[in-house]
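Asker: The sequence shown begins at 1293 in my numbering and counts up one residue at a time.
Virtual Cβ for every residue (Gly too), placed ideally from N, Cα, C.
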Amino acid sequence: MLKPSLFGRVLLRPGKTPALNDTPAPVPETSEPLPDGADALYVAKLDDLLAACRAHLPRFDEGLVRRAYRFSFEKHRDLKRASGEPYYLHPVEVARIVATEIALDDISVVGALLHDVVEDTDTTIDDIRVDFGPVVANIVDGATKITDIFKSREVKQAESFRKMLLSMTNDLRVILVKFADRLHNMRTLEHLSPEKQYKIAIETRDIYAPFAHRFGLGKIKWELEDLSFKYIDPPAYVALAKQVKERRETREQYVTRFIAPLSARLKELNVPVEISGRPKHLYSIYNKMKSRGKPFEEIYDLFAIRIILDTDATSACFAAYGVVTEVYLPVSERFKDYISVPKKNGYQSIHTTVIGPNGRMVEVQIRTRSMHEVAERGVAAHWRYKENPPEQTPGKVRAGEMEAWVNWVRDIFEQPTDSPTQFMEGFRLNLYQDEIYLFTPKGELKILPKEATPVDFAYEIHTEVGHHCIGAKVNGKIVPLPHRLKSGDQVEIITSKHQTPNADWEKFVVTHKAKVRIRQWINEAKRIQVDSGRELWAKKAKKARIILKDDELVKLAHHLRFDSLTSFYQAIGSARLEADEAVRAYREKLALGRDRAEDGREASFGQFVQTARGQEPSAVPTLLIDGRKEALLHTYARCCNPIPGDDVVGFVSLGEGIKIHRKSCKNITNRLVSNEPRLIEVDWPRQGQEAFIVGVKLTGEDRQGMLNDITHTISRSLNTNIRSVNFVTKDGIFDGTVIVHVRDTSHLGQLLERLKRIGGVFNVERFEE
1293 MLKPSLFGRV
1303 LLRPGKTPAL
1313 NDTPAPVPET
1323 SEPLPDGADA
1333 LYVAKLDDLL
1343 AACRAHLPRF
1353 DEGLVRRAYR
1363 FSFEKHRDLK
1373 RASGEPYYLH
1383 PVEVARIVAT
1393 EIALDDISVV
1403 GALLHDVVED
1413 TDTTIDDIRV
1423 DFGPVVANIV
1433 DGATKITDIF
1443 KSREVKQAES
1453 FRKMLLSMTN
1463 DLRVILVKFA
1473 DRLHNMRTLE
1483 HLSPEKQYKI
1493 AIETRDIYAP
1503 FAHRFGLGKI
1513 KWELEDLSFK
1523 YIDPPAYVAL
1533 AKQVKERRET
1543 REQYVTRFIA
1553 PLSARLKELN
1563 VPVEISGRPK
1573 HLYSIYNKMK
1583 SRGKPFEEIY
1593 DLFAIRIILD
1603 TDATSACFAA
1613 YGVVTEVYLP
1623 VSERFKDYIS
1633 VPKKNGYQSI
1643 HTTVIGPNGR
1653 MVEVQIRTRS
1663 MHEVAERGVA
1673 AHWRYKENPP
1683 EQTPGKVRAG
1693 EMEAWVNWVR
1703 DIFEQPTDSP
1713 TQFMEGFRLN
1723 LYQDEIYLFT
1733 PKGELKILPK
1743 EATPVDFAYE
1753 IHTEVGHHCI
1763 GAKVNGKIVP
1773 LPHRLKSGDQ
1783 VEIITSKHQT
1793 PNADWEKFVV
1803 THKAKVRIRQ
1813 WINEAKRIQV
1823 DSGRELWAKK
1833 AKKARIILKD
1843 DELVKLAHHL
1853 RFDSLTSFYQ
1863 AIGSARLEAD
1873 EAVRAYREKL
1883 ALGRDRAEDG
1893 REASFGQFVQ
1903 TARGQEPSAV
1913 PTLLIDGRKE
1923 ALLHTYARCC
1933 NPIPGDDVVG
1943 FVSLGEGIKI
1953 HRKSCKNITN
1963 RLVSNEPRLI
1973 EVDWPRQGQE
1983 AFIVGVKLTG
1993 EDRQGMLNDI
2003 THTISRSLNT
2013 NIRSVNFVTK
2023 DGIFDGTVIV
2033 HVRDTSHLGQ
2043 LLERLKRIGG
2053 VFNVERFEE
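1) With a CB to CB cut of under 8 angstroms and the five nearest residues on each side skipped, what residues in its chain are close to V2020?
2) Rounding to the nearest angstrom, what Cα-Cα distance links D1414 and S2038 in this structure?
3) For T1645, count the other beta carbons within 10 Å of its own beta carbon; 16 or more makes it buried, fewer makes it exposed. Which is it?
4) Hey, out of V1802, H1760, V1822, whose CA is closest to N1794's CA?
5) Would you report the Cα separation of K1559 and Q1657, rounded to the nearest angstrom?
6) Can you tell me whether L1468 is buried or exposed, with buried defined as 16 or more other CB within 10 angstroms of its CB?
7) Can you give me the Cβ contacts of V1757 inside the same chain, cut-off strictly under 8 angstroms, excluding the 5 residues immediately before and after it?
8) Please report the Cβ distance between I1524 and A1493, rounded to the nearest whole angstrom; I am assuming they are in contact, meaning their Cβ atoms lie under 8 angstroms.
9) Give the secondary structure of N2018 by DSSP, where H, G and I count as helix, E and B as strand, and everything else as coil.
10) Would you give the residue range spanned by the alpha helix (DSSP H) that R2046 belongs to?
11) Are H1850 and G2051 closer than 9 angstroms when you measure CB to CB?
12) According to DSSP, simplified to helix, strand and coil, what is R2008?
13) Going by beta carbon distance, what residues of the same chain come within less than 6 angstroms of T1961, once the five residues before and after it are set aside?
14) Give me the DSSP bridge partner(s) of F1471.
15) Taking DSSP as the reference, what is the three-state secondary structure of A1935?
16) Looking only at C-alpha atoms, which of D1796, C1932, T1927 sits nearest to V1944?
17) On the CB-based measure, 16 or more other CB atoms within 10 Å of its CB, does K1799 come out buried or exposed?
18) Could you check the C-alpha separation between S1856 and K1807 for me, to the nearest Å?
19) Along the chain, where does the beta strand (DSSP E) that runs through Q1657 open and close?
20) Across the stretch 1539 to 1558 and the stretch 1494 to 1501, are there enough close Cβ pairs to call them in contact, namely three or more that are closer than 8 angstroms?
21) Helix, strand or coil: how does DSSP classify Y1620 here?
22) State the beta-bridge partners of Y1861 as determined by DSSP.
23) Taking only runs of the alpha helix (DSSP H) that begin and end inside the stretch 1548 to 1576, which ones reach a length of at least 4 residues, in chain order?
24) Going along the chain, which residues of its own chain have a beta-carbon closer than 7 angstroms to the beta-carbon of Y1878, five neighbours each way excluded?
25) Just checking, does the stretch 1563 to 1570 make contact with the stretch 1522 to 1538 on the three C-beta pairs under 8 angstroms criterion?
26) For V1401, which option in A1867, V1410, E1354 has the closest C-alpha, if you only look at C-alpha atoms?
27) If you reduce the DSSP assignment to three classes, tell me which class F1363 lands in.
28) Less than 9 angstroms separating the beta-carbons of V2067 and F2059?
29) Which runs of the alpha helix (DSSP H) at least 4 residues long sit entirely within the stretch 1353 to 1397? Give them in chain order.
30) Near R1351, what residues of its chain come up, given a Cβ to Cβ distance below 8 angstroms and the 5 sequence neighbours on each side ignored?
31) Determine the direct distance from the alpha carbon of D1433 to that of K1367, and round the result to whole angstroms.
32) In the DSSP assignment, what residue or residues form a beta bridge with T1787?
33) Compute the beta-carbon to beta-carbon distance between L1341 and A1387, rounded to the nearest angstrom, for a pair I have assumed lies under 8 angstroms.
34) Is DSSP giving K1832 helix, strand or coil here?
35) In the DSSP assignment, what residue or residues form a beta bridge with G2063?
36) Identify whether H1483 lies in helix, strand or coil by the three-state DSSP scheme.
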C-alpha cells in the first residue's frame, strides 16, 4: 500500500482545489498475465506507480505505462543493484519521482522506466523506437548519452558536454528524467564504497545541483545539495543535522508564535491561505556559517515563513504584504519583488524581512499557488502550462514565456570557449548568479548577474556594441567601464569605432558571454598579428639569406627576450619589433659563436652506462652464455656501449675474456656475416616483467611547463617509471636526459614517439655516446 505521506498534497491545477487528504482512485483490475519471475513486490510497485500517475499527471495513458513497466522488469530481471535489490526497482523509483515530484506527463514516466535498458541490457534505441515510438526513444537516448559522458569523464571535454546539453534542450524531458535518476541514486548512495560516494557526491554538487537551480527545480536542488554535503563532509553534516534537530522544538514554537497574529489578519483578504515555516536546508546553513565566519549558534535565519494564496490574482500577494508589514516592522532594504520582475527561471514571489518577536529578523515569502508550483518544479511547471495553456491571467506561465526560458537555457551552451576549464567555470557561474534588473534608455528590461558592469550590459545588447564600448551613462551620469551596476539603473552605452576590447576587461566583467566574446576578439587579433609577423620574418630572412632551424630560431627569440616563437612573431606583426632588428640581432649572435658547450656529457654517459649495466636491482652483472647464467670474465665494447635490452653478441678476445657488442655494431657486423667462430650467443638475464634502464635525450624550447609536460607524458605512457631527470638550459634551449625503466625496445619506441608530439620538443632520441 502507498504511504499516506507520499500523497499528503497533490499538485494543484487551475480550477481544482482538492482537500489535503485526497487519496488516489483504486487501480482497475487487469487480466494481463504476469511476466515470468514477477511476484507480489512486482504487483505492489506497479499499483503504487499507477496510483501516483493518476493523482499527479495532467494526462495518463495507463496502457503505455503498464507496457513500459513490464518491459523494464523483463530486461532487468536478472540484474541486481549494489544494495542487493532487484535492479528493476531503480527505474520504478525514478519513474515515481518523475510522476510525483516533477509531475510532467506520462511520456516522461515511460522514459524513466526505460532510461537504463539501452545502457545495461542488449536492447537498442531502435527497439525502443519500434515498441514505444520516437519521442520515448529520444528521451532514453538522451539520458543514456548523459550517463556515458559522466561515466567516461568526458564532462572535462567541454565541447562534448556543451553539444550534449545544447541538443538536450530540444526535449527538456531528457534532463528531467536524468535529475530523477540522480536523485534516487543519491538517496541510495550508502550502498557504494566511500570512494564512489565521494566522487558521485562531488559530481552532483558541482553539476546536477546548479543545473537543477537553472531549471527552477528548487526542491530537487535543495535535496541534491544536502545529500552531496552528507557524503562530501560527513562529520560536518552529522554535527549540523544534530544541532538543527536539537533546536527543532524551539524553532517550531517560535514559528507558531510568529504566525498566530498573521493568520487572523490574512483572513480579512477573503482568500484561502496557507502559512508555514520552511526550515532552510543544511547545505544552505553550512554555507552561511562559512561565508559569515560564524558558528551555528549565531545563525538566526534558519527558516523562512511562506504564505501561499489560493488565487491567481497577483494583487492579493501585495495585499498580503501590506498585512505582514502592518503586524511586523519591515527591513526596507531587504524587500524584493520577483512578481513584477520574475527571475529568469520563472520564479515569482515577494520576499521581505521583518522584525519578529524577540527582535529576530524573519524572512517572509508571499506567492500564489501557481507561483509556488513553478518555484518548486520550475521547467516542469512551464512545460505543463505550455502543453495545457491556461487563460491569459496574471500569475500563470504563458506559452511564450516557455520559449523565452528555453532560449535562456540554451544561451550558455551556445557560447564557445577556449578550454574545458573556462567552460566549466562559466557553466557554474551562469547557473548560480544572483540577478539585478537594468533598463535601456528606451525602457527595455535587461536581467544581468549581480556585480555586472557597463561592459557586461553592452555585450548583452550586442557583441559589436560590447567591442566598441568606451563608457556609459548610468542614470544620466558618466561612469567608467568597471563601474558596478545596481538594480533599477538606467544604462546608456557610449561607443567609438576606434575602441576595441582590452585584456583588462576580462578581469572585471562577470557574465560568461562578455568573458567569451572578449577572449575571442583578443585571441583572433593575436592570431592575425602572429600570422603577419611570421610572414614578415620569412620575407626578411629570405632577403638576408638566413636559414634557421626551429631550435636556432627559438634561441634568437629568447636572445631578444621573448618567451616563445609566438611572442616573437606577434611582436613583429604588431610593429613592436622590426624584422630588420631581428636580422641584426641574429648576425651579432652569430659573431659570438653558435656552438653550445656540452660540458660533462661524456662523463654523464659513462655514469649512465655503469648504472644500466649493474647498479640497479633490475640489472644483473652476469650474462646468459649460450642460454646459461655464467659469471665469466667479460667486458663491454666501448665502440657501441651495449646495455640491457639491446640485441648483443659475445666476441672471445685474448686476455680480456668475452667482449660484449651490440649486434648492430659496425665492428662486429662483418664477423656476423662470415660466421666468425669466436662469436658466441649471449643475452641479458630476465626475471618476469623485469624492466631495464635506458636513457632518453631531448632537446627543445625552454618554455614554462615543459618539464612538467615531459614527465607527465613519460609517467602516463605504458606505466613508465622515471629513475632520474637532468636538464640543462642555455639561450632559451634545453638539453635533457631522462633515465627510465622500460620493458623492451618496443616499449621504448612508443615512449619516444609520444615525447616527439610535445609542443616545443625539437629532438628525441635514445641516449648514446
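Answerer: Let's see:
1) Closer than 8 angstroms at Cβ, skipping near neighbours: F2026, D2027, G2028.
2) Taken atom to atom, the span from the alpha-carbon of D1414 to that of S2038 is near 38 angstroms.
3) A buried status is given to T1645, since no fewer than 16 other beta-carbon atoms sit within 10 Å of its beta-carbon.
4) With respect to the C-alpha of N1794, the residue from V1802, H1760, V1822 having the closest C-alpha is H1760.
5) Here the alpha carbon of K1559 sits roughly 17 angstroms from the alpha carbon of Q1657.
6) Buried: at least 16 other Cβ atoms inside 10 Å.
7) Its chain contains A1750, Y1751, I1785, T1787 as the residues whose beta carbon lies nearer than 8 angstroms to that of V1757, once the 5 sequence neighbours on both sides are disregarded; these appear in chain order.
8) Beta-carbon to beta-carbon, I1524 and A1493 are separated by about 5 angstroms, close enough to satisfy the 8 angstroms threshold.
9) Strand at N2018.
10) Residue range 2037 to 2048 is occupied by the alpha helix (DSSP H) that includes R2046.
11) At the C-beta level, H1850 and G2051 stay beyond 9 angstroms of one another.
12) Helix.
13) Correct list: empty, nothing qualifies.
14) BP columns for F1471 are empty, so no partner.
15) The amino acid occupying residue 1935 in the given sequence is Ile; Ala does not appear at that position. Three-state result, I1935: coil.
16) V1944 has its Cα closest to that of T1927, out of D1796, C1932, T1927.
17) K1799 is classed as exposed because its beta carbon has fewer than 16 other beta carbons within 10 Å across all chains shown.
18) Cα to Cα, the separation comes out at about 25 angstroms.
19) Note, Q1657: beta strand (DSSP E), 1653 to 1660.
20) At 8 angstroms Cβ cutoff, the stretches do not touch.
21) Coil at Y1620, not helix or strand.
22) Beta-bridge pairing by DSSP links Y1861 to no other residue.
23) When DSSP assignments are scanned along the stretch 1548 to 1576, no uninterrupted stretch of alpha helix (DSSP H) that is 4 or more residues long falls wholly within it.
24) Here the set comprises I1838, L1848.
25) Because the criterion of three Cβ pairs below 8 angstroms is not met, the stretch 1563 to 1570 and the stretch 1522 to 1538 do not touch.
26) Among A1867, V1410, E1354, the Cα nearest to that of V1401 belongs to E1354.
27) Under the three-state reduction of DSSP output, F1363 falls in the helix class.
28) Residue 2067 falls outside the range modelled here, since the chain spans only 1293 to 2061, and no answer is possible.
29) If you keep only unbroken alpha helix (DSSP H) runs of at least 4 residues inside the stretch 1353 to 1397, you get 1354 to 1368, 1381 to 1389.
30) If we look at R1351 and ignore the five residues flanking it on each side, its Cβ neighbours are D1397, D1398.
31) K1367 and D1433: Cα-Cα distance of roughly 16 angstroms.
32) For T1787, the pairing in a beta bridge is given by DSSP as C1761.
33) In this structure, L1341 and A1387 form a Cβ contact; the two beta carbons are roughly 6 angstroms apart against a cut-off of 8 angstroms.
34) Three-state result, K1832: helix.
35) This structure cannot speak to residue 2063, because the chain is shown only from 1293 to 2061.
36) Of the three classes helix, strand and coil, the one that applies to H1483 here is helix, per DSSP.
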